[in-house]
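Visitor:
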Amino acid sequence: MQIARRRLRVARYSISAVAVTAFGAFGFAVRDAHPATHTKASTAIASSAAASASTADSAASFGGSAVISPAPQFAAPQVQSSGS
Amino acid sequence: MNGFRSMGCAVLLPDGAPLDEVQALFDDRDRRFSRFHDSSELNRVNAYPRGLTLLSEEFASVLSLALDAARATGGLVTPAAGGALIAAGYDRDFPRLPLDGVAVEPVRVPSFRAIALRGRALLRTEPVILDLNGVVKGLTVDDALELLGHGWVSAGGDVATTVPLVVGLPGGDAITLERGGLATSSVARRTWRRGGIPQHHLIDPATGLPSTSPWRDVTVAAQSCYTADVAAKAALLLGPAGPSWLDRRRLAGRFVDHAGRVTVSERWLQAVPAAQAA
Chain A
1 MQIARRRLRV
11 ARYSISAVAV
21 TAFGAFGFAV
31 RDAHPATHTK
41 ASTAIASSAA
51 ASASTADSAA
61 SFGGSAVISP
71 APQFAAPQVQ
81 SSGS
Chain B
85 MNGFRSMGCA
95 VLLPDGAPLD
105 EVQALFDDRD
115 RRFSRFHDSS
125 ELNRVNAYPR
135 GLTLLSEEFA
145 SVLSLALDAA
155 RATGGLVTPA
165 AGGALIAAGY
175 DRDFPRLPLD
185 GVAVEPVRVP
195 SFRAIALRGR
205 ALLRTEPVIL
215 DLNGVVKGLT
225 VDDALELLGH
235 GWVSAGGDVA
245 TTVPLVVGLP
255 GGDAITLERG
265 GLATSSVARR
275 TWRRGGIPQH
285 HLIDPATGLP
295 STSPWRDVTV
305 AAQSCYTADV
315 AAKAALLLGP
325 AGPSWLDRRR
335 LAGRFVDHAG
345 RVTVSERWLQ
355 AVPAAQAA
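Protein sequence lines correspond, in order, to chains A and B.
Using my numbering, you'd call the opening residue of the first sequence number 1 and step up by one each time.
Using my numbering, you'd call the opening residue of the second sequence number 85 and step up by one each time.
#1: Only counting the same chain, and skipping five residues up and downstream in sequence, which positions put a Cβ closer than 7 Å to that of residue 107(B)?
#2: Along chain B, which residues have their Cβ under 7 Å away from the Cβ of residue 73(A)?
#3: Is there a Cβ of chain A sitting closer than 8 Å to that of residue 296(B), yes or no?
#4: I think residue 138(B) touches residue 204(B), with their Cβ atoms under 8 Å apart; what is that distance to the nearest whole Å?
#5: Any idea if residue 71(A) is buried or exposed, counting beta-carbon neighbours within 10 angstroms, 16 or more meaning buried?
#6: Where does residue 187(B) fall in DSSP's three states?
#7: In chain order, what residues of the same chain lie with their CB nearer than 8 Å to the CB of residue 110(B), ignoring the 5 residues before and after it?
#8: Does the distance from the C-beta atom of residue 159(B) to that of residue 213(B) stay below 8 Å?
#9: With a cut-off of 8 Å on the beta carbons, I'd call residue 151(B) and residue 201(B) a contact; round off their distance for me.
#10: Any C-beta of chain A within less than 9 Å: which residues of the stretch 113-143 of chain B qualify?
#11: Is the CB of residue 212(B) under 8 Å away from at least one CB in chain A?
#12: Over what stretch of residues does the beta strand (DSSP E) that includes residue 283(B) continue unbroken?
#13: Would you say the stretch 242-260 of chain B touches the stretch 338-354 of chain B, given that touching needs at least three Cβ pairs under 8 Å?
#14: Quick check on residue 241(B) - is its C-beta less than 8 Å from some C-beta in chain E?
#15: Whose CA, out of 335(B), 198(B) and 217(B), lies closest to the CA of residue 208(B)?
#16: May I ask you to list the residues that DSSP assigns as paired with residue 88(B)?
#17: Beta-carbon separation of residue 147(B) and residue 163(B) under 8 Å?
#18: Which word fits residue 117(B), buried or exposed, when buried means at least 16 other C-beta atoms lie within 10 angstroms of its C-beta?
#19: Quick one: does residue 250(B) have its CB under 8 Å from some CB of chain A?
#20: At 9 Å on the CB atoms, spell out the chain A contacts of residue 272(B), in chain order.
#21: Under a CB-based cut-off of 8 Å, is residue 264(B) close to chain A?
#22: Return the residue from the list 260(B), 185(B) and 353(B) that minimises the CA-CA distance to residue 331(B).
#23: Taking only beta-carbon positions, decide if residue 254(B) is within less than 8 Å of chain A.
#24: Inspect the CB distances between the stretch 234-249 of chain B and the stretch 317-332 of chain B and report whether three or more fall short of 8 Å.
#25: Could you please give me the residues that DSSP links to residue 321(B) through a beta bridge?
#26: Comparing the C-beta of residue 293(B) with each C-beta of chain A, is any distance below 8 Å?
#27: In terms of residues, what are the limits of the alpha helix (DSSP H) holding residue 117(B)?
#28: Counting pairs of Cβ atoms below 8 Å between the stretch 257-274 of chain B and the stretch 302-315 of chain B, do you hit three or more?
#29: Residue ranges of each beta strand (DSSP E) run of no fewer than 3 residues wholly in the stretch 209-239 of chain B, ordered along the chain?
#30: Between residue 267(B) and chain A, is there a C-beta pair that is closer than 8 Å?
#31: Chain A beta carbons: is any one of them nearer than 8 Å to that of residue 307(B)?
#32: At least one CB of chain A closer than 8 Å to the CB of residue 25(B): is that the case?
#33: In the DSSP output, which residue or residues are listed as bridge partners for residue 70(A)?
#34: Apply the 10 Å Cβ neighbour rule to residue 86(B) and answer buried if 16 or more other Cβ atoms are within range, or exposed otherwise.
#35: Drop a sphere of 10 angstroms on the beta-carbon of residue 259(B), count the other beta-carbons inside from all chains shown, and report buried for 16 or more, exposed for fewer.
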């Protein structure tokens with residue numbers, strides 16, 4: 001019984017490993033076949049994704065500064081950042 | 085100033101900006117990524133929350149950025165929290181949400197590592213209900229500004245600009261955002277109750293429940309609105325460790341606790357010296 005269970009666990013593990021490997025290969029095939037990988041992306045989302053992805057991959061490069069300064073005295077806010 | 089409503093918030097642009105193009109961008113993203121449009125791609129993807137799914141190119145791009153955000157925040161800002169958000173009661177568009185209901189049972193938030201993306205192919209190795217709200221709005225603000233080329237865009241307080249803009253902050257203070265992005269994450273807006281206990285939309289992945297952070301509002305300035313929004317959410321979820329987390333990334337952040345007291349990160353204090361006293 002124990003041997004059967006062990007074999008079942010090994011079989012499950014093997015199936016999972018094969019599935020993950022196959023997905024990786026499938027993904028590369030899909031990516032390679034997709035027109036977007038061969039032509040310059042034209043949408044705003046594609047360009048933004050490329051720009052943003054390179055900045056968000058690691059903690060070290062996640063930052064990048066905006067430039068902020070004190071608001072002029074008595075200046076009414078043009079917009080409100082009140083949270084979402 | 086002109087504007088419209090989309091993604092459940094007011095979108096504002098400078099006078100003379102091409103409103104129609106920007107509104108089309110926001111509305112398209114809303115239709116694709118909203119949990120509250122029955123025909124959205126997000127809902128189609130979530131209908132089968134495990135296994136292999138082929139995505140549209142745009143969905144895959146946004147999910148890729150959401151996974152980048154998860155990696156950059158150690159899994160705090162994760163696209164995998166959709167199930168916990170629904171369990172907390174946020175199961176319909178906010179204006180239609182009942183004010184109270186049955187008590188919330190915590191739902192485990194799967195690791196974002198259960199989500200694998202190769203091109204347009206998505207594999208979820210366990211059931212994962214996606215929610216991309218953590219990145220879609222900030223990203224759309226950045227893309228709208230790119231459409232304009234120059235000027236500024238504000239959506240529900242998420243801001244991106246190429247020109248100096250005076251921005252009001254929670255608690256009544258204001259700064260000038262010279263250029264870049266600025267976003268505020270807040271647990272004081274969009275709240276409801278379940279079992280009499282207040283709920284909000286910022287799920288702590290460690291508990292599967294709305295965060296109990298000491299911060300009510302966290303505002304972050306960064307090079308893009310996407311980055312600012314993700315960093316603001318992460319810093320709020322980190323609680324007392326939020327300011328130092330931003331300092332290590334050299335990001336300017338402003339924290340307001342539930343009593344209205346203001347704390348700022350080093351970078352914010354350098355830029356706005358009077359901020360700590362606000």
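Using N, Cα and C, we set each Cβ at its ideal position, and we do this for glycine too.
Guide: On the basis of the data shown:
#1: For this step, residue 107(B) is matched to residue 23 along the second sequence. Excluding sequence neighbours, residue 107(B) sits near 88 and 90.
#2: The count along the first sequence starts at 1 and reaches residue 73(A) at position 73. The contact set of residue 73(A) on chain B, defined by CB atoms closer than 7 Å, is empty, because the minimum CB distance reaches about 10 Å.
#3: Against the second sequence, residue 296(B) aligns to sequence position 212. Chain A contact via Cβ: absent.
#4: Looking up residue 138(B) in the second sequence gives position 54. Looking up residue 204(B) in the second sequence gives position 120. Sure, about 6 Å apart at Cβ, within 8 Å.
#5: Residue 71(A) sits at position 71 when you count from the first residue of the first sequence. Buried.
#6: For the purposes of this step, residue 187(B) is taken as the residue at position 103 of the second sequence. Residue 187(B) falls in the coil class under three-state DSSP.
#7: As a working note, residue 110(B) is residue 26 in the second sequence. Answer for residue 110(B): 88, 90, 91, 95, 224, 228 and 239, listed in chain order.
#8: Taking the first residue of the second sequence as position 1, residue 159(B) is located at position 75. Taking the first residue of the second sequence as position 1, residue 213(B) is located at position 129. It is not a contact, given that the beta carbons lie outside the stated cut-off.
#9: If you number the second sequence from 1, residue 151(B) lands on position 67. If you number the second sequence from 1, residue 201(B) lands on position 117. Rounded to the nearest angstrom, the Cβ distance from residue 151(B) to residue 201(B) is 6 Å, consistent with a contact under 8 Å.
#10: Identification of residues in the stretch 113-143 of chain B having a C-beta nearer than 9 Å to some C-beta of chain A yields 113, 136, 138, 141 and 142, given in sequence order.
#11: Taking the first residue of the second sequence as position 1, residue 212(B) is located at position 128. Not an interface residue.
#12: In the second sequence, the residue the question calls residue 283(B) occupies position 199. Where residue 283(B) is concerned, the enclosing beta strand (DSSP E) stretches over 281-283.
#13: Yes: the two stretches touch, three or more of their Cβ pairs being nearer than 8 Å.
#14: No chain E appears in the structure shown, which is made up of the protein chains A and B.
#15: Translated into positions along the second sequence, residue 208(B) becomes position 124. Ranking 335(B), 198(B) and 217(B) by CA distance to the CA of residue 208(B) puts 198(B) first.
#16: Here the question's residue 88(B) lines up with position 4 in the second sequence. Beta-bridge partners assigned by DSSP to residue 88(B): 95(B).
#17: On the second sequence, residue 147(B) is found 63 positions in, with the first residue counted as 1. On the second sequence, residue 163(B) is found 79 positions in, with the first residue counted as 1. Going by beta carbons, residue 147(B) and residue 163(B) fall inside the 8 Å limit.
#18: To locate residue 117(B), count along the second sequence from 1; it is residue 33. Its Cβ being crowded by 16 or more others within 10 Å, residue 117(B) is buried.
#19: As a working mapping, residue 250(B) is identified with position 166 in the second sequence. It does; some Cβ of chain A falls within 8 Å.
#20: To locate residue 272(B), count along the second sequence from 1; it is residue 188. Under the 9 Å cutoff, chain A gives 82 and 83.
#21: In the second sequence, the residue the question calls residue 264(B) occupies position 180. The beta carbon of residue 264(B) sits closer than 8 Å to some beta carbon of chain A.
#22: Reading the second sequence from its first residue, position 247 is the one you call residue 331(B). It is 353(B).
#23: Indexing the second sequence from 1 puts residue 254(B) at position 170. Yes, residue 254(B) counts as interfacial toward chain A.
#24: Pairwise C-beta distances place the stretch 234-249 of chain B out of contact with the stretch 317-332 of chain B, as fewer than three of them are shorter than 8 Å.
#25: Locating residue 321(B) in the second sequence gives position 237, where the first residue counts as 1. For residue 321(B), DSSP records no beta bridge to any residue.
#26: Counting from 1 along the second sequence, the entry for residue 293(B) is found at position 209. No, its Cβ sits nowhere closer than 8 Å to a Cβ of chain A.
#27: Counting from 1 along the second sequence, the entry for residue 117(B) is found at position 33. Residue 117(B) -> alpha helix (DSSP H) spans 103-117.
#28: Two segments are said to touch when three or more pairs of C-beta atoms, one from each, lie closer than 8 Å; by this definition the stretch 257-274 of chain B touches the stretch 302-315 of chain B.
#29: The qualifying runs are 236-239.
#30: In the second sequence, residue 267(B) corresponds to position 183, counting from 1. In terms of beta-carbon proximity, residue 267(B) lines the interface with chain A, with at least one pair separated by less than 8 Å.
#31: Along the second sequence, read from residue 1 onward, the residue named residue 307(B) stands at position 223. Closer than 8 Å to some Cβ of chain A, the Cβ of residue 307(B) qualifies, so yes.
#32: Outside the modelled stretch of chain B, which goes from 85 to 362, sits residue 25(B), for which no answer is possible.
#33: The residue given as residue 70(A) occupies position 70 in the first sequence. According to DSSP, which records beta bridges pairwise, residue 70(A) is partnered with 259(B).
#34: Working through the second sequence from its first residue, we reach residue 86(B) at position 2. So residue 86(B) ends up on the exposed side.
#35: To locate residue 259(B), count along the second sequence from 1; it is residue 175. Counting Cβ neighbours within 10 Å, residue 259(B) comes out buried, since at least 16 surround it.
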